[in-house]
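Right, one structure below, let's go through it.
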Amino acid sequence: MKRKELINILLKNGCIFVRHGGRHDWYKNPSTGMSQSIPRHSEISDN
123 MKRKELINIL LKNGCIFVRH GGRHDWYKNP STGMSQSIPR HSEISDN
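When we follow my numbering, the leftmost residue of the sequence shown carries the number 123, and every step to the right adds one.
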(Lines of atoms letter the chains of each structure in order from A and count residues from 1; the text may use other names and numbers.)
(Lines give C-alpha, C1' and ligand atoms only; values in the text may rest on other atoms or scores of the structure.)
Protein backbone atom coordinates (compact mmCIF):
# COMPACT_ATOMS: atom_id res chain seq x y z
CA MET A 1 0.00 0.00 0.00
CA LYS A 2 1.21 3.47 -0.76
CA ARG A 3 1.71 5.88 2.12
CA LYS A 4 -0.61 8.44 0.56
CA GLU A 5 -3.42 5.85 0.27
CA LEU A 6 -3.13 4.97 3.96
CA ILE A 7 -3.16 8.62 5.02
CA ASN A 8 -6.28 9.25 2.92
CA ILE A 9 -8.02 6.30 4.65
CA LEU A 10 -7.06 7.66 8.07
CA LEU A 11 -8.31 11.16 7.24
CA LYS A 12 -11.62 9.83 5.85
CA ASN A 13 -12.13 7.95 9.13
CA GLY A 14 -11.72 11.07 11.25
CA CYS A 15 -8.04 10.88 12.18
CA ILE A 16 -6.04 14.07 12.49
CA PHE A 17 -2.34 14.74 11.98
CA VAL A 18 -0.57 15.20 15.33
CA ARG A 19 3.16 15.63 14.68
CA HIS A 20 6.25 14.64 12.71
CA GLY A 21 8.49 12.10 14.41
CA GLY A 22 12.01 11.08 13.41
CA ARG A 23 11.02 8.90 10.47
CA HIS A 24 7.29 8.67 11.10
CA ASP A 25 4.24 10.92 11.16
CA TRP A 26 1.71 10.52 13.99
CA TYR A 27 -2.05 10.52 13.46
CA LYS A 28 -4.73 10.35 16.16
CA ASN A 29 -8.38 9.37 16.14
CA PRO A 30 -10.10 11.86 18.48
CA SER A 31 -13.16 9.65 19.01
CA THR A 32 -11.14 6.65 20.28
CA GLY A 33 -8.05 8.48 21.56
CA MET A 34 -5.76 6.00 19.77
CA SER A 35 -2.62 7.20 17.97
CA GLN A 36 -0.78 5.51 15.12
CA SER A 37 2.62 6.15 13.58
CA ILE A 38 2.89 6.10 9.80
CA PRO A 39 6.39 5.58 8.36
CA ARG A 40 7.63 8.12 5.82
CA HIS A 41 8.37 5.59 3.07
CA SER A 42 6.68 5.63 -0.33
CA GLU A 43 5.69 1.96 -0.03
CA ILE A 44 4.39 0.49 3.25
CA SER A 45 4.25 -3.27 3.84
CA ASP A 46 0.86 -4.85 4.51
CA ASN A 47 2.08 -6.59 7.69
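Note that CB positions come from ideal geometry on N, CA and C, so glycine has one too.
Reduced DSSP category for residue i - H, G, I as helix; E, B as strand; rest coil
{"i": "R125", "result": "helix"}
{"i": "N135", "result": "coil"}
Unbroken beta strand (DSSP E) run spanning residue i, endpoints
{"i": "R141", "result": "138-142"}
{"i": "H76", "result": "The shown model of the chain, from 123 to 169, leaves out residue 76, and the question about it has no answer."}
{"i": "D147", "result": "146-150"}
Short Cβ contact (8 Å threshold) for residue i with residue j
{"i": "R145", "j": "P161", "result": "yes"}
{"i": "I138", "j": "K124", "result": "no"}
{"i": "G136", "j": "S159", "result": "no"}
Per DSSP, cross-strand counterpart(s) of residue i
{"i": "S157", "result": "K150"}
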